[in-house]
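Residues 3 to 776 (my numbering) make up the sequence shown, in order.
Just so it is clear, CB atoms sit at the ideal spot from N, CA and C, and this is done for glycine as well.
In this text, all values refer to a predicted model and were calculated from it rather than measured experimentally.
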Amino acid sequence: MSMKTPGSDGKIQGYMSRLRPKAQVSRLLLAIRRGRLGSLQEWMSVVLIFLALGITVWSIEHARWIKPQPSLTTVLGFSILGCLLLVKSRIPTWATYLLMIVLGLVVAVWQSASLFPSTEARSALQSWWQVISSSQLNEGTVYFTIFLILTTWLVGFISTWFVLRRRNVWIAVSLGTITVLVNLSNLPHDYYYFLPLYLLVAMLLIVQVNLARHGGWFGKQSTSFPYRGTVYAMGAVLFVIVLTVVTAWVVPEPPIEQLGLRTNTGTSRKMDIQEQWFNIFADVPTKWSLIQSSEQETLLFQDSIGRSNRIQFVITSERSGYWRTRRYDTYHSWGWTNSITSDQMLDAGAAVNGGGELLESNTLVYTVENRVKTDVILTGGELVSVNIPVRIKTLSTDESVADSPVPSTSQSAVTEAHQIEAEGQDIITVVSPWILSPYQRYTVVAQTNLVTANELTQAGEDYPSEVIDYYLRLPDTLPERTEQLSQILTREAETPYDKVIAIKRFLNQLKYNQKGKTAPEGVDGVDYFLFEAKEGVCTSFASAMTVMLRSVGVPARICTGYFQGELDEDSGGLILRSRNFHVWVEVHFPDYGWIEFEATPTSEPANEEEILGVGGSFLGISEEEEWFDLLRGSVPSDVGYTPRSRPKLWVYFTVISILLFLGFAARLVFDRWLKRLKRVQTASEAYARMCYLASLGRRRPLEQETPGEYCVRLAVAFPVHAEAIDVVAQAYLETRYSSRKELGETGKIRLQKTWVSLCPFLLKGALHFWRQSG
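Shown next as structure tokens:
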């Protein structure tokens, strides 16, 4: 059904093509005034369509997927205006569709070409055509730009067409909803305020279009439009929207991995799709950082240390400390890799086999919320279990590894789960089988060491054979002066722990410098750091400590991950930013396992009897230097805290929903009572209700008054409705004291209409009296 006013068909055809510009504007305004370009209701629909879809377009523009970007709001405005003109024309439907496509292509070329600079040699359009003709769909962002423009044009045109021609608002709302949800699903939560804004305007659009449709029906039936019912309908729609939001907020999100819908986004198949020629999204930058375990298989001295403030993880834990992403066992002159590793799938909640019980241990349970796309699982201490399926990479038990020299590259041997028992303390890294989405959470149970310096001093040197095989190896190319320096520094040390302290004290004399030089190609990185640069970042310090300990027979390995974090005052969680990335050392002690040590200098070592921190960390911190200030945030490593929960927004939504429901119910009950109060069958009933309502305002009839005298007193008090009061009084007196006990049909109709107009006035008077007296 078309939303057209009488006489509007075809009267503007050819107007714009036959007139001069000034005459076009004046005739256009005159046509709008006369309803030739649509009624007021149609224009209200058009405005609301533009506002609703404008919010979706605004969310896309605000995300700035490409730079520079076209004006999608302008494209949307032209599409809606063009559709309005075509709806009012006599052009056949098929021609309208064809014209819509042609105009969309023209606008797409115009908007996308405007992004190219013009030079003296060629215009912007020529530059645009050169890029289009010489590149594939997956090269650059020009095709993605055209896609955005055409999508905006089609959504605007189709939505307006269905609203004006079919009076079907659901196509417009559905297209807008799909667009905003697809866009927001690829953005951080900071952008989610666009959704309630869109829903609000979409609700107004739904109500307005339905009012226009039903208003036309009532007009054809020559009956008045039920505006009171409209208010109830709008209230009901608002209540349903709030109730839906509250339900979606309160009901917990089911783990994606349990739905059976997740695929391994880290597979080569995804990479194949990403590189296909038809993928117009290939060069569109994502709004989420991607951290993949496969990119961390090597640690180079030249690797830069992150210094941005971008949040990558939020951890809910009673303790802070080291949060590990990977361990490395094999040293090269240029960095670190791993020996052959074996993969084992660990089901959700299943415990890691092997590893043994530590003499002094404690259980740590923490929850990690990703703020990046990643398959890396953060581990604090020694892993026990994770509440999602994970893949554990451990050192291979292949005996040939021990006999082999330092491998040139990291290798991986995938083994079935039932063929391997993961040695708890030989876990290299823990990864998810798929890329975890931002804001996805998982909970880890880990085992941490609580051990003192005195206990480590007495640990001895009875190392397991597999520890000796893997964690004492050094390349043959390591310069002798590095080994000699290590032996000189530890010649007075009586225990492995004393050797650790001696080397740590030496490294404390070197300088931490983010801009420190790294070894040239072909030069050993640790040797260059110790004898030439004498300054560097955490990678250099941790590598030097590990190599020097191995040189004097102490098993050690290097770890990467995050250190400390800053406390979120609202949620009580630990915020890990990119700048919290860190490298540290783990040293093996019999019966106590791997103990974490900080190699990067801070100040003079603390008392050796000091209890080691979470995970057995010996930090030796009394003053915070540059790197520690940068990493630690505001939480000491040995201070526990109780997470403080943020305000529960669902409580506010629930309260608002209850208030809306109670208000709506109270209004419904009141209206039903008022409707029954207005409905009278006899004059006696009307007179009795008039006395009742007047009594509420302290104007009840007196005992000595006759009905006539009482009505005269009411008429004096309410002169505006004196005539209505007189009609009720005369009808009552006529049926009460005359021979006629009933009114005629005409009298009943007059009495009913009079009472309907008088009843609300008396009720308002009573309420006004009670407000004044209160």
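Beta-carbon proximity check, residue i vs residue j, cutoff 8 Å
i	j	result
L551	Y564	no
A688	V730	yes
L491	A546	no
L380	T541	no
G383	L366	yes
V165	I51	yes
R312	S291	yes
S61	N185	yes
I437	K395	no
T162	C85	yes
P603	Y473	no
S295	T121	no
A126	A115	yes
Q298	T327	yes
L753	L765	no
N364	T450	yes
D377	V453	no
V549	G518	no
Cα-Cα separation, residue i to residue j
i	j	result
D728	S759	13 Å
Q346	V354	10 Å
W112	P72	10 Å
L88	L105	12 Å
Q210	Y195	23 Å
R738	K680	21 Å
V585	T520	16 Å
G178	W130	30 Å
L189	S176	20 Å
T339	E468	18 Å
S741	A667	46 Å
R702	V682	20 Å
M205	G56	15 Å
G323	R124	60 Å
L78	D192	25 Å
L512	D572	39 Å
P709	L735	8 Å
Y200	A174	12 Å
M46	I208	12 Å
Y781	E320	Residue numbering for the chain in the displayed model covers 3 to 776; residue 781 lies beyond these limits and cannot be assessed.
F118	A65	21 Å
Residue i - DSSP class collapsed to helix/strand/coil
i	result
Q511	coil
L765	helix
L487	helix
V585	strand
A558	strand
T58	helix
T267	Only weak support exists for where T267 lies, its pLDDT of 42 falling under 50; the value from the coordinates is given anyway. Three-state DSSP puts T267 in coil, outside helix and strand.
V111	helix
T684	coil
A448	strand
F565	strand
K69	coil
L380	coil
N170	coil
E707	coil
Cβ shell of residue i (< 8 Å), same chain only, five flanking positions each side left out
i	result
G635	A caution first: G635 carries a pLDDT of 42, below 50, which makes its placement in the model too unreliable to give a value.
F599	V502, K506, M547, W586, V587, E588, V589, S619 and F620
L704	Y712
L197	V182, L183 and L186
L397	D331, N340, S341, I342, T343, S344, V403, E425, D428, I430, E468 and Y472
G527	F303, S335, W336, G337, T520, A521, S542 and S545
T267	With a pLDDT of 42 at T267, under the threshold of 50, the modelled position of this residue cannot be trusted; read the value that follows with caution. These residues qualify, in order along the chain: W436 and I437.
Spatial neighbours of residue i in its chain, beta-carbon cut-off 6 Å, leaving aside the 5 residues before and after
i	result
E63	L74
L458	Y499 and F591
H723	L760 and F763
L348	V392 and I394
I34	Its pLDDT being 47, under 50, I34 is placed unreliably by the model, and the measurement read from it follows with that caveat. Nothing listed; no residue qualifies.
Contact set for residue i: own chain, Cβ-Cβ below 7 Å, skip 5 residues either direction
i	result
A109	What sits at residue 109 in the sequence shown is Val, not Ala. Correct list, in chain order: V77, F80, I151 and W155.
L53	V203
L532	T484, L487 and A546
>> Would the segment 316 to 335 count as touching the segment 370 to 385 if we require 3 or more Cβ pairs under 8 Å?
In response: Flag = yes, the segment 316 to 335 and the segment 370 to 385 touch.
> Is there contact between the segment 436 to 456 and the segment 385 to 395, where contact requires at least three CB pairs shorter than 8 Å?
Replying inline: Touching, yes.
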